[in-house]
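Please read the structure below before turning to the comments.
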Amino acid sequence: MQDSFKLRIGLVDNIVWILLAAFFAACALWVPAFASRVNLVNILYHTAIMSMLVLAQGFVLMSGHLDLSIDSVLAFAPGMAVLLATRWFPDLPGGPWATILLTLGIGALVGLFNGLCVARLGMNAFMLTLSVSIILRGLVLFFIPLSIFPLDPVYSFLGKARIEQLGGIPAAIPATFFIYFFFHVLIKHTVLGRNYLATGGNARAAYIAGIDTKRMVVLGFVAAGILSAVAGMLAAGRQDSVSNTMGSGMTLLAFAGALLGGTSMSGGKGSAFGMLGGALLLGMFANALNLLGVKVTLIHAAQGALILVAILLDRVRIFIRGAMLRREQAAKLEGGDGMKKRALPCTLAALLAALSISAAGVADADAGRPVVGMIIKEPTAPYIQAFIKGAEEEAARAGADLMIRDGEGDSIKIMEIIDTYMARGIDAFILGGAVDLRALVPGIRRLNEAGIPVAAIDTSPEGGVVDYFLSFDLAQSSAKAARLFVDGIRARNGGAVPEGVVLEIIGDSADMFCHSCTEGFMSVLSQYPQIEVAQGEGKWNNTDSNAIASDLLTRFGGRVLGIYVQTPDIMGPGVVAAIEAAGLKAKDFGICGICIGPEGLDLIRNGKMLGAVAQPAYDAAALAVRYLVDGLRGNPIPAIWSPAEVVRNPWADDGAFVVLQGPLVPQEVSPDDPRLWENMQAE
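Residue numbering for the sequence shown follows this note's numbering, beginning at 1 and increasing consecutively.
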């Protein structure tokens, strides 16, 4: 029968909801705290931002194109709107309402530009939107080097407020459902929606039928820009700030969500209902990985596998749909009733089973063992690996469960992980790295309100109560390394500091770590007006540091007096390779910095680096776990750990700053000293 055939086609197109039900059932059975009300609300709340991007990407895909700029628009639209309304034109009428309209308008203008270039100029959507994404992200980094906060309560309402009349759920949840309902009506129940789908399915046939296909393409990109701007307002409201890292890396996951939801890469197919399912599946997947405590190094592999599954599912869906259409057509020619109803009861039974299983109980953590949640960034860096090893070994010694997640330096993702940890019922929290330390303050304060003690290592949130901040003064350490650096210049120039250029290879200009390091470095170099400092961004890796060092050496030639590398552990070998490729000797440039790492120690031993201030990463992480667990158990906590000093944390609202004293290598200790964590790692 025709109705049966339509139902089966509908199930194929919306298979994401069957996958979602099955995944939910499995997680409710095996993932601790997954089915709790708090966690389910968290999933919906944190999926809101991704939902907007999934809808934006899916809507463009339905027209037969792709938009790679949506995650950059997420940061650019609210960032520029807030700057326009609060700093550049503070007397702009309308206040926060004008800022909201500016945000949506900027998103629409970016989409209009993309759409006109694709539809009118015939530019390739992939290459165009990729270049626009890079341009917008660069502008955000330039205009917003540090986050803007706090925001006006009206502007942050959508992402931050909770509706008490609905049980205290975040306002972002009903707002997301309303927007999806609007697009469902637009796509399925209007002439405009049918014309739009026809354009994506067969643009030539649609044009012959009288549809303005170019206008449809422009419409798709404008809608994507507006939806991305809404996602930006949700993100800004959630963290009560606008930061330059918002949305980084979300485009491909949004692409996967759209494909999972039934949108086709070839265009002409898709529904808002299906895309909502794809977004929810992405949110559940990320949440389950966090709750299960999957190894941090496997998270990226799991996300990549999900994207691959989405692409394969799109191909399989097209194949099955085509086979069903051919079979139905053949059955009609033979005078049959088409496909039988045999699959429908099975499908309904599977859905009912999934719903019944969802009520299953939730596994509890091991009784009596404190649970410590930890967030890191750059897990492949040797310095961060020392964090992981120190925390894991101390947790095992103390009889505590440790959960480690990679926040990728992204404040949006870090806030999501914090909420997931709280739903999981952690007893203590450690922040082991972030880029925007202001944007995290709402999350830290939520931990404070729940009575969960907080420790930070490496860098401290700029607000909230941080019970223990274990690190060292980055500016002081950089100044210490800078003095050694200048001494090296003197030694190579007969005791004088001549006129010339010094190269400073920084990590990432958006990272507040870099700002502190440069502050300490310049506190020393500013005493020598005859020296010009030229900066280059090494992006925390040897490939980029090699490229920028090569360019700067070519530019300044023999005027270069020395090269200062902020973190020789992950950028030093790249800089040394650039020097040697130019036919020069690394020892003639007196490379210094902070953070040594195993590779940095090898450079020192081989005479290719002058020295560096070592950071006791292993000790910092181990002490953070020890202090938190001892505090939870009521054990006495030492006021000082030697060699260290304890002062009040100048960044957080309250708490102690345990300043670990790092040695200067090789002036104060040998590169082979067993106290260095780099040598501990090698054992």
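Glycine included, each C-beta is placed from N, C-alpha and C at the ideal position.
Look at residue i and residue j and say whether their C-beta atoms are less than 8 Å apart.
i    : j    : result
M275 : V54  : yes
L280 : L19  : no
C592 : G611 : yes
M422 : L402 : no
I320 : S264 : no
S241 : L151 : yes
N541 : M571 : yes
R446 : I417 : no
A77  : D67  : no
A48  : I173 : yes
P382 : G597 : yes
T213 : T190 : no
G122 : G201 : no
E408 : G283 : no
A620 : L561 : no
I430 : V466 : no
T567 : I594 : yes
G225 : A125 : no
R405 : G500 : no
H46  : V118 : no
With DSSP as the reference, please indicate the residues paired to residue i in a beta bridge.
i    : result
C592 : Y564, G611
F469 : A456, F657
P170 : R162
L503 : A534, I563
R702 : Residue 702 lies beyond the stretch modelled for the chain, which goes from 1 to 683, so this question has no answer here.
A28  : BP columns for A28 are empty, so no partner.
E645 : V659
V665 : A612
F113 : BP columns for F113 are empty, so no partner.
I148 : V242
A686 : In the structure displayed, the chain extends from 1 to 683; residue 686 sits before or after that span and is not available.
F429 : G373, V454
Given a threshold of 16 other Cβ atoms within 10 Å of its Cβ, counted over all protein chains shown, does residue i qualify as buried or as exposed?
i    : result
A223 : buried
V316 : exposed
F142 : exposed
A349 : With a pLDDT of 47 at A349, under the threshold of 50, the modelled position of this residue cannot be trusted, and the question is left open.
K608 : buried
I489 : buried
A235 : buried
T251 : buried
P663 : buried
I163 : exposed
K295 : exposed
R626 : buried
S72  : buried
V665 : buried
E394 : buried
P529 : exposed
D569 : buried
A353 : Note that A353 has pLDDT 48, beneath the 50 cutoff, so the model's placement of it is unreliable and the number below is only indicative. By the 10 Å Cβ count, A353 comes out exposed.
A35  : buried
G368 : exposed
Since residue i and residue j are thought to touch, with beta carbons under 8 Å apart, how far apart are those beta carbons, to the nearest angstrom?
i    : j    : result
G277 : V60  : Not quite, the Cβ-Cβ distance comes to about 18 Å (not below 8 Å), so this is no contact.
I169 : N195 : No, I169 and N195 are not in contact; Cβ-Cβ is about 36 Å, not under 8 Å.
A434 : S411 : 7 Å
A75  : G247 : 5 Å
K188 : S271 : 7 Å
A482 : L525 : 6 Å
L289 : A302 : 6 Å
A396 : V629 : No, A396 and V629 are not in contact; Cβ-Cβ is about 11 Å, not under 8 Å.
I106 : A229 : 6 Å
Y468 : V658 : 6 Å
G159 : G237 : 2 Å
Check your understanding: Counting pairs of beta carbons, one from the segment 389-396 and one from the segment 238-256, are three or more of them closer than 8 Å?
Key -> no
Practice item. Give a yes or no on contact between the segment 72-90 and the segment 450-459, applying the rule of three or more CB pairs nearer than 8 Å. Key: The segment 72-90 vs the segment 450-459: no contact.
#### Entry: Given 8 Å, three or more beta-carbon pairs between the segment 586-605 and the segment 431-440
Two segments are said to touch when three or more pairs of C-beta atoms, one from each, lie closer than 8 Å; by this definition the segment 586-605 does not touch the segment 431-440.
| task | Assess, as a yes-or-no matter, whether the segment 259-273 is touched by the segment 308-315 under the definition of 3 or more beta carbon pairs within less than 8 Å. | result | Here the segment 308-315 makes contact with the segment 259-273; the two share three or more CB pairs at distances below 8 Å.
- Task: Report yes or no: do three or more beta-carbon pairs, one from the segment 30-49 and one from the segment 213-223, lie closer than 8 Å?
- Result: Not touching, per the Cβ criterion.
Item to complete: Tell me, please, whether the segment 665-679 touches the segment 613-622 by the rule of three or more beta-carbon pairs shorter than 8 Å.
Response: yes
Inspect the CB distances between the segment 502-521 and the segment 539-546 and report whether three or more fall short of 8 Å. yes
* For the segment 123-141 and the segment 92-104, state whether three or more C-beta atom pairs, one from each stretch, are separated by less than 8 Å. => no
Take every Cβ of the segment 513-529, pair it with every Cβ of the segment 647-664, and state whether three or more of those distances are shorter than 8 Å. no
For the structure I just gave you, are there three or more beta carbon pairs, one from the segment 456-466 and one from the segment 626-636, closer than 8 Å? Cβ pair count under 8 Å is below three, so no.
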